[in-house]
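Residue numbers (full-length UniProt numbering), protein chains in the order written: chain A, 1 to 439; chain B, 1 to 439. In what follows, a single structure is set out as structure tokens and then discussed.
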């Protein structure tokens, strides 16, 4: 399709980055459709951009050079669920919520939850993670194998269903997080997990960001296998109270979840409570009731919508960084000080067990000065994270928005190695060009 | 050094593969030594082969085209242990045992244990794993960042100390398992873990391989976070009884280890016991005493030496494959049948939680027919694993010994992608050439 409306829907709409539509959108129904489209584009040197649900945050789906967008959302079949092997095979257009609805009856789940109901193909390509990553890892850790259409239209398979292999280069991990710049994922084999016998959640207020972060470090060090450990700063707690009609103390707060046996989650919660108390946190409120847990985590997942209440009319611009956990309190505190000094409205939420946190900036998009200030803040945030030995992005990816930090983070040598790989696998630079880096 | 003895010591000595020494051995004391050596070799088109402890099993350290072996064993400093971040930074010549001796006082450990006291550089390069991988993953999952000297002598850094990142291609995972064909690792940042509060072990006999494997599947599916779950077939149990003076029933047996809190390991052991009983296994013998646990795991780790008793004068040739766990019993049973049919002496041990198992063939190296039979058996083993959706090697790597299976496992397309990456990063093919694949 080539109508303006469809083309614009299939480009970036989530952030401050401009909407740069492709020249045409192809709706692929099967792998052969993808191969045919790529072959035609390759013959004419036309860019190819893959599309899932359009929830990426750094302009990954934009078409700055035009070209063809391949919408994979109709390739949404779950091809196999192998419960004995705890794995499944699916097409890239399956969304994470639908996958989990499908798996529930079999007592299985897929843990990675990047907030939005993204497609698994998009989650593979941006190396997504989310609240459960502290226990279950990121997409990097949960993809067993991929089928990928490469720049010449060939279909390759990157692995097997075996749980581990030492047979050659790890192509799977090369395509995970490559943002469609090396090929288009058309089939995914994922690890699955049994739904835990027991799940409990806890909410624990702290006097400060630092005490909350110190409690997180102690919790992780002590080996408590927390499934989720999320920080909300007092600004975000206030927003969640208003949006989700909660009555939490408006102070830095940890949201926790424990997975295990009934006795196990009880013990984990107790151990955590003792650690929290050591750092002046608490009292923790625990819950094992599914409806209370759902309400809590819905409030956490609605942080973005809640934040919008803080500045009516503004648009939310989410960004993320990740630092070694020992630097987390410093990084969050310095970031909060910057928010105050710059007069911004920007709650902070974090997957703090990984050292990863987000700021959600409320920006008046019609005010050029306001947007410029937001960009300045984001640049300082990344520089702060890099100076602390961290990364420019824990889970949102590079896309267009963070390309400018690649050399600072990786050094020219590593960036040249990435470029060499890109040239080797996509010599005519047709696969999602001008994302991650330019050639 | 260029003496024949030193050169031969620095090539393959562990298997049936020939000893193919380099022309000279350089003992690197620092990263600059590696860079200088690589630059000189690059200028003259001379191959460079990295060396750690020489424990690899597929000829990874051979020099079929001659060249320079860089011995990294003197680069053995632990540069930093960051206990708050649960990570450490070290040079590639540190061995895993020394690392753990160093960490013990701080209550930390590094779990990956490929049997031999390999260097961490070698473990990175062969994507090593071992008995703990079912709980802690393989080297792929436990390396945060690498410094690598590439084919042009440049030093690149592949990541940060942040726990996760979505910033560009995953160069770390590309070098992990590349067997030195893309560059030489000169610094490694590893994840660490707190030594568990409690560790318990168990030994559980089963009436058959199938029942033991079914118990393993049920254990993994139930979510019991087993730290180790190892299968020894009756042949290996017999050998261990003789070598380690144990008195285990000579039947397929699972060796288990549980990590957690005192209450947690007790609960895990009880849950496992109930599952084992369902499949006719047991009674389990449990132990929480360190000396009893050590004796048990020493016996497991000495499986190789024990196996040598089964055929005095023979040499042990170890090989491994990995299959989806649902096919494990079939694969092991078919392999045992083949061992019997071919009249071989070959105990089986397996990291069965991952679907990975080893056969240790007792071969009379002076008897060409005996060696030919062993090779025939190994080829059939790999073909069997591939036919079951598995991989040619779970943890030993490809080296020279398994190159012939790369196309069958990966397909020509994926193998071409690997070759393209190799050419891009090592255009003159000097980094450990003719390993994994030929160009």
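We put the CB at the ideal spot given by N, CA and C, even for glycine.
- Measuring C-alpha to C-alpha distances from residue 358 of chain B to each of B:268, B:162 and B:114 identifies B:114 as the nearest.
- Out of B:288, B:111, B:149 and B:144, the CA that lies nearest to the CA of residue 129 of chain B is found in B:111.
- Contact between the segment 172–187 of chain B and the segment 267–280 of chain B is absent: fewer than three C-beta pairs spanning the two stretches fall below 8 Å.
- For residue 193 of chain B, DSSP records a beta bridge to B:109.
- For residue 356 of chain A, the secondary structure class from DSSP, reduced to helix, strand or coil, is strand.
- A buried status is given to residue 95 of chain B, since no fewer than 16 other beta-carbon atoms sit within 10 Å of its beta-carbon.
- Cβ proximity to chain B below 7 Å picks out 322, 323, 324, 325 and 326 from the segment 313–336 of chain A.
- For residue 8 of chain B, the enclosing alpha helix (DSSP H) stretches over residues 4–9.
- Contact with chain B is absent for residue 70 of chain A, since none of that chain's Cβ atoms lies less than 7 Å from the residue's Cβ.
- No Cβ-Cβ contact shorter than 7 Å links residue 41 of chain A with residue 81 of chain A.
- Closest by C-alpha distance to residue 154 of chain A, out of B:439, B:414, B:289 and B:424, is B:414.
- The Cβ of residue 180 of chain A sits no closer than 7 Å to any Cβ of chain B.
- Counting only Cβ-Cβ distances below 7 Å, residue 141 of chain A has contacts in chain B at 141, in chain order.
- In this chain, residue 241 of chain B is not harboured by any beta strand (DSSP E); it is covered by the alpha helix (DSSP H) spanning 234–244.
- DSSP, read as helix, strand or coil, puts residue 348 of chain B in strand.
- A distance below 7 Å separates the beta carbons of residue 219 of chain B and residue 272 of chain B.
- Apart from sequence neighbours up to five positions away, the residues of its chain that approach residue 19 of chain B with a beta-carbon distance below 8 Å are 8, 11, 12, 13 and 62, ordered along the chain.
- Rounded to the nearest whole angstrom, the CA to CA distance from residue 375 of chain B to residue 342 of chain B is 12 Å.
- Separation of the CB atoms of residue 419 of chain A and residue 437 of chain A is rounded to 6 Å, and the pair is thereby assigned contact status at 8 Å.
- The residue among A:75, A:131, A:263 and A:244 with its C-alpha nearest the C-alpha of residue 32 of chain A is A:75.
- In the structure shown, residue 294 of chain A falls within a helical segment according to DSSP collapsed to helix, strand and coil.
- Fewer than three Cβ pairs drawn from the segment 387–400 of chain B and the segment 149–163 of chain B lie within less than 8 Å of each other, which leaves the two stretches out of contact.
- Contact annotation: in the segment 250–279 of chain A, residues whose CB is within less than 7 Å of a CB in chain B are 261, 263, 264 and 267.
- Around residue 136 of chain A, no beta-carbon contact reaches into chain B at under 7 Å, the shortest distance being about 12 Å.
- Annotation: residue 201 of chain A to residue 260 of chain A spans about 12 Å, alpha carbon to alpha carbon.
- Under the three-state reduction of DSSP, residue 174 of chain B is assigned to helix.
- Contact note: residue 44 of chain A does not reach chain B at a C-beta cutoff of 7 Å; the least C-beta distance is about 22 Å.
- Taking every protein chain shown into account, the CB of residue 45 of chain B has fewer than 16 other CB atoms within 10 angstroms, so this residue is exposed.
- For residue 395 of chain B, the closest Cβ of chain A is nearer than 7 Å.
- Each residue's CA atom was taken as its position, placing residue 208 of chain B and residue 186 of chain A some 41 Å apart.
- Of all residues in the segment 96–109 of chain A, none comes within less than 8 Å of chain B when Cβ atoms are compared.
- Rounded to whole angstroms, residue 192 of chain B and residue 87 of chain A show a C-alpha spacing of 27 Å.
- In terms of beta-carbon proximity, residue 161 of chain A lines the interface with chain B, with at least one pair separated by less than 7 Å.
- Annotation: Cβ neighbours of residue 355 of chain B in chain A (cutoff 7 Å, chain order): 162 and 163.
- When CB distances to chain A are screened at a threshold of 8 Å, the residues of the segment 108–130 of chain B falling below it are 126, 127, 128 and 129, in chain order.
- In the DSSP assignment, residue 200 of chain B falls outside any alpha helix (DSSP H) and within the unbroken beta strand (DSSP E) covering 198–205.
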